[in-house]
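Sequences listed follow chains A and B, in order. Each residue of the first sequence is one higher than the one before, counting from 1 in this note's numbering. Each residue of the second sequence is one higher than the one before, counting from 1001 in this note's numbering. Heads up, the beta-carbon is just placed ideally off N, CA and C, and yes, glycines get one too.
2 protein chains.
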Amino acid sequence: MSNDKDSGAVTISRRGLMLVLSSPSGAGKSTISRALLKRDSHITMSVSMTTRPMRPGETDGEDYIFVDQDTFDGMVAGGEFLEHATVFDNSYGTPKAPVEKVLGQGRDVLFDVDWQGTQELASNAPKDLVSVFILPPSIEELERRLHTRAQDSDEVVKKRMAKATSEMSHWSDYDYIIVNEDVDESVARVETILAAERLKRIRQPGMVDFVRAMGVSQ
Amino acid sequence: MSNDKDSGAVTISRRGLMLVLSSPSGAGKSTISRALLKRDSHITMSVSMTTRPMRPGETDGEDYIFVDQDTFDGMVAGGEFLEHATVFDNSYGTPKAPVEKVLGQGRDVLFDVDWQGTQELASNAPKDLVSVFILPPSIEELERRLHTRAQDSDEVVKKRMAKATSEMSHWSDYDYIIVNEDVDESVARVETILAAERLKRIRQPGMVDFVRAMGVSQ
């Protein structure tokens, strides 16, 4: 807690939160995430660790933290991941330490994980996690977006639709639900959720000192 | 769930929430509540039931619902109150039925209860309750506001300050904490909390039908 003498504004130190945005492909998650990261300087993207080889154009520590399998397995054994998974022989995970550091600085972290990763985060950090599921306004609109995006064959789009409805079946595991009719409106809704969550008592640890300074006994 | 063909807007039926704003006297709760009720047509004030005699200028069913002690005691015995208390031989309580009706219509209810009433509401309706504690920006500002308001003697203000710090000791029972430096900013923060809470999955029961209509299995 500090009291800025010039403006008279009270500043309460806060603990950051972990934000998960999930959606089926085509429902707008990527667009919303990019807009959020651009507009809100208090939230940063989590950088995952992976054992897969670095690809041209990728930067170590930015796109991913690239490690060998032994290092990864040792961290799994040491409980050093908030969540991890193996996909096509490659391991991916979110190391705890850097996330904890950012949260402790009162800044928020955005995660790009699927429903299984979200469940693992919820189980390892239930108080810090805020999960938002983004739904398309209708199945027709989702199909239209999947068509427009890639101009793929009906067969490919059909497979994607099946995958999307399967992904959507996990909507009820999430704290908040947004139906994405308009991207700007959906970004504003995510910002509203963030603004409200930041006012939660548990995210304002400095409030303890602030109240104590007013002579209030607990 | 309905789909407005004219605007294309998706409407998801929702369940209302119960909002409690608490603060020590002088921290601005009444001003914030009035502004909120005026600006947000989706929230209404809960009307309490009481056994105390009606006063001149009061309207039955508007200021309070006035009942005799036998009626009140019968309702207590029947578990028909969300919270109730006896103060100076008079009983006060919030009947369940009208609140449940409003929540079922997807509208929110604002309560004017103390920390004990809040605890009782939290215990009887944990999923529906959203509790916000409003703190003054400093103890000096609280004292200044208590002085300005009534032009009372130092003795009276001292007693009020003791009562206020006692009330403030319950701040840590609440979900959200707002430091009221500027009334307009604090009203905006309560509105942000309401907007976010309305996006919670549990407050959007119509989402079940909406998702089912997209062919998503649960």
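Top-ranked residue by Cα proximity to residue i, from the options
i: residue 13(A); options: 120(A), 170(A), 106(A) and 74(A); result: 106(A)
i: residue 47(A); options: 28(A), 67(A) and 56(A); result: 67(A)
i: residue 220(A); options: 138(A), 189(A), 132(A) and 43(A); result: Any answer about residue 220(A) is impossible in this case: the structure gives chain A only from 1 up to 218.
i: residue 1130(B); options: 199(A), 29(A), 39(A) and 178(A); result: 199(A)
i: residue 1065(B); options: 1092(B), 1132(B) and 1126(B); result: 1092(B)
i: residue 1034(B); options: 1187(B), 1212(B) and 1210(B); result: 1187(B)
i: residue 177(A); options: 1169(B), 1195(B) and 1144(B); result: 1195(B)
i: residue 1050(B); options: 1038(B), 1213(B) and 1076(B); result: 1076(B)
i: residue 171(A); options: 1207(B), 1109(B), 1119(B) and 1120(B); result: 1207(B)
i: residue 214(A); options: 1136(B), 1160(B) and 1158(B); result: 1136(B)
i: residue 90(A); options: 102(A), 98(A), 169(A) and 69(A); result: 69(A)
i: residue 212(A); options: 1211(B), 1201(B) and 1169(B); result: 1169(B)
i: residue 1121(B); options: 1057(B), 1031(B) and 1080(B); result: 1080(B)
Residue i to residue j span [Cα, whole Å]
i: residue 1156(B); j: residue 1114(B); result: 21 Å
i: residue 180(A); j: residue 1100(B); result: 30 Å
i: residue 10(A); j: residue 1141(B); result: 12 Å
i: residue 1003(B); j: residue 167(A); result: Low confidence applies to residue 1003(B): its pLDDT is 43, below 50, so where it sits in the model is not reliable, and the reading given next is rough at best. Answer to the nearest angstrom: the Cα atoms are 23 Å apart.
i: residue 1112(B); j: residue 95(A); result: 45 Å
i: residue 55(A); j: residue 21(A); result: 25 Å
i: residue 217(A); j: residue 1164(B); result: 12 Å
i: residue 1192(B); j: residue 1132(B); result: 12 Å
i: residue 1183(B); j: residue 190(A); result: 24 Å
i: residue 1029(B); j: residue 124(A); result: 37 Å
i: residue 152(A); j: residue 1185(B); result: 49 Å
i: residue 42(A); j: residue 1059(B); result: 50 Å
i: residue 1203(B); j: residue 85(A); result: 32 Å
i: residue 18(A); j: residue 1174(B); result: 21 Å
i: residue 109(A); j: residue 1134(B); result: 27 Å
i: residue 1205(B); j: residue 126(A); result: 23 Å
i: residue 1161(B); j: residue 1082(B); result: 30 Å
i: residue 158(A); j: residue 1209(B); result: 23 Å
i: residue 1088(B); j: residue 1052(B); result: 10 Å
i: residue 1039(B); j: residue 1062(B); result: 20 Å
i: residue 1128(B); j: residue 74(A); result: 44 Å
i: residue 117(A); j: residue 1197(B); result: 24 Å
i: residue 1036(B); j: residue 1016(B); result: 16 Å
i: residue 1057(B); j: residue 23(A); result: 55 Å
i: residue 1045(B); j: residue 1031(B); result: 14 Å
i: residue 145(A); j: residue 1201(B); result: 25 Å
i: residue 1071(B); j: residue 1078(B); result: 11 Å
Residue i, enclosing beta strand (DSSP E) - first and last residue
i: residue 87(A); result: 81-87
i: residue 110(A); result: 108-111
i: residue 1179(B); result: 1176-1179
i: residue 1135(B); result: 1129-1135
i: residue 1020(B); result: 1018-1022
Bridge partners - residue i, DSSP secondary structure assignment
i: residue 74(A); result: DSSP output for residue 74(A) lists no bridge partner at all.
i: residue 95(A); result: 81(A)
i: residue 1045(B); result: 1110(B)
i: residue 1065(B); result: 1049(B)
i: residue 1200(B); result: 176(A)
i: residue 1060(B); result: 1064(B)
Opening and closing residue of the alpha helix (DSSP H) in which residue i lies
i: residue 219(A); result: Nothing can be reported for residue 219(A): it is not among the residues displayed for chain A, which extend from 1 to 218.
i: residue 121(A); result: 115-124
i: residue 1034(B); result: 1029-1039
i: residue 208(A); result: 207-213
Contact list for the region 156-180 of chain A against chain B, Cβ threshold 7 Å
When C-beta distances to chain B are compared with 7 Å, the residues of the region 156-180 of chain A below that value are 165, 168, 169, 171, 172, 174, 175, 176, 177, 178 and 179, in chain order.
Got a sec: which bits of the region 1197-1218 of chain B sit with their beta carbon under 9 Å from any beta carbon on chain A, in order along the chain?
Answer set for the region 1197-1218 of chain B: 1197, 1199, 1200, 1201, 1202, 1204, 1207, 1208, 1210, 1211, 1213, 1214, 1215, 1216, 1217 and 1218.
Using a beta-carbon distance cut-off of less than 8 Å, what residues from the region 1010-1042 of chain B approach chain A?
Against chain A - using a Cβ distance shorter than 8 Å - the residues of the region 1010-1042 of chain B are 1010 and 1012.
Give me the subset of the region 79-106 of chain A whose CB atoms are less than 7 Å from a CB atom of chain B, sorted by chain position.
Cβ contacts with chain B: none found.
Determine which residues of the region 127-139 of chain A have a Cβ less than 9 Å from any Cβ of chain B, and write them out in chain order.
The residues in question are 132, 133, 135, 136, 137, 138 and 139.
Proximal residues, the region 46-65 of chain A versus chain B, C-beta separation under 7 Å:
When CB distances to chain B are screened at a threshold of 7 Å, not a single residue of the region 46-65 of chain A falls below it.
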